[in-house]
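All remarks here apply to the structure that follows.
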Amino acid sequence: MPNYGLATSPQAILQVARAAEAAGYDSVWTTDHLLVPRKYGNPYGNLIEALVTLGYLAGVTERITLATSVIVLPQRDPILVAKQVAAIDQLSGGRALLGVGVGWIEEEYGFLRTDFKQRGRIADEWLQVIRTLWVEEQPTFAGQWINFSETMFEPKPIQAGGVPIYVGGKSEAAIRRAVQWGDGWHPTNVEPEALAEGVAKLRQWAGERPITVSMRGHIAIAGHSPAAEDNNVWPIAGSTAAIIERIEAYVEAGLEYLICYFKHQTSEDILAQLERFAAEVIPVFQK
């Protein structure tokens with residue numbers, strides 16, 4: 001979703017969401033940063049908040065899943081996140097999906113008064129808090145940073161067991177976090193070989209527990225994005241035939257669910273690629 005960058009606007013968000021739903025896409029995903037240093041201002045300085053955007057989209061879409069890719073979980077209050085995402089699930093009729101990560105901008109952690117070096121441990125506890133609030137009738141929790149007992153948290157998410165959680169990141173710690181707390185593993189722009197290595201670890205550590213392998217891939221279709229000429233930078237770029245071949249390599253590596261981030265300069269670039277991808281690429285993988 002164009003909720004960040006130079007092309008973002010309320011109109012672009014609405015157009016892309018409705019176009020994605022009409023074209024048959026399964027989901028739309030928002031990106032998160034709260035307060036970045038100016039050196040990262042393009043693209044992350046101009047960003048319409050991720051969860052607020054999904055709440056807006058709940059009222060203007062009917063079928064499509066509403067997801068984050070990803071919120072920087074340790075920078076947020078987990079009780080508020082649990083409440084916000086449960087509300088999105090309620091308002092959308094059970095269409096929410098929560099993608100979480102630990103982030104990478106140390107200065108942003110400083111601005112938000114959160115410990116960058118402890119972000120992995122914080123994320124683990126925050127995920128426990130969120131799960132507890134979503135599933136327990138009288139939520140009680142005792143952790144290093146959060147404590148509460150015999151509380152009332154209503155309404156719960158509509159989806160049984162709570163909203164699905166996809167854990168972002170490509171490190172071993174991220175994979176272990178996905179195994180322990182997640183319903184999906186969600187790296188960004190990894191090569192097929194690296195994805196296959198991660199999938200092998202995921203399956204070994206998860207045993208028989210089903211965990212979806214999802215990836216956010218930056219896609220640039222020739223004729224619609226200048227970035228399509230540089231397939232050494234963007235992992236899925238070029239003609240639609242080249243893109244199909246590339247996605248097949250990811251599927252062979254274990255990819256089950258591809259999140260398409262179409263490289264763009266304008267919202268029109270997104271819409272053109274979205275429609276062409278739906279017409280020429282998606283049918284190949286629906287056989």
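The opening position of the sequence shown corresponds to residue 1 in our numbering, with each subsequent residue numbered one higher.
We treat Cβ as the ideally placed atom computed from N, Cα and C, and that holds for glycine.
In this text the structure is predicted, and so the values were computed from the model without any measurement.
Next on the checklist: By DSSP's criteria, W185 is part of a beta bridge. Which residues make up the other side?
Outcome noted: V167 and V213
Next on the checklist: Alpha carbons only, please: which of L35, V70, R95 and D26 is nearest the one belonging to G55?
Outcome noted: R95
Next on the checklist: From the DSSP secondary-structure annotation, give me the bridge partner or partners of I219.
Outcome noted: I236 and F262
Checklist entry - Buried or exposed: G110, going by 16 or more other Cβ atoms within 10 Å of its Cβ? => result exposed
Next on the checklist: As an exercise, report each continuous beta strand (DSSP E) stretch of at least 3 residues that is fully enclosed by the segment 88 to 133, in chain order.
Outcome noted: 96 to 101
Checklist entry - In angstroms, rounded to a whole number, what distance separates the CA positions of S239 and K201? => result 32 Å
Checklist entry - Hey, how far is the Cα of E248 from the Cα of P210? => result 22 Å
Checklist entry - E108: buried (16+ other C-beta within 10 angstroms of its C-beta) or exposed? => result buried
Item to check | F141 - partner residues in DSSP beta bridges | outcome: F148
Next on the checklist: If I follow the unbroken alpha helix (DSSP H) through L66, where does it start and stop?
Outcome noted: Premise fails: L66 lies in the beta strand (DSSP E), T65 to T68, not in any alpha helix (DSSP H).
Checklist entry - Are the segment 134 to 149 and the segment 40 to 51 touching by the rule of at least three beta carbon pairs closer than 8 Å? => result no
Checklist entry - Tell me the DSSP bridge mates of W29? => result A67
Item to check | Span of the alpha helix (DSSP H) around S267 | outcome: S267 to E280
Checklist entry - What residues are listed by DSSP as bridge partners for Y257? => result S214
Checklist entry - Could you give the distance in angstroms between the alpha-carbon of E268 and the alpha-carbon of I259? => result 19 Å
Checklist entry - From E275, G223, I219 and A174, pick the residue whose C-alpha is nearest to that of A206; which is it? => result A174
Checklist entry - Whose C-alpha, out of A279, V60 and Q118, is nearest the C-alpha of Q15? => result V60
Item to check | Beta-carbon gap between W185 and V213 smaller than 8 Å | outcome: yes
Checklist entry - Which residue or residues does DSSP assign as beta-bridge partners of Y4? => result L47
Checklist entry - Between the C-alpha atoms of A253 and V167, what's the straight-line distance to the nearest angstrom? => result 19 Å
Checklist entry - By Cβ distance, which residues of its chain are closer than 6 Å to I122, with the 5 residues on each side in sequence left out? => result P74
Item to check | Rounded separation between L127 and A17 - CA only | outcome: 28 Å
Next on the checklist: Here's the rule: buried if 16 or more other CB atoms are within 10 angstroms of the residue's CB, otherwise exposed. What is F277?
Outcome noted: buried
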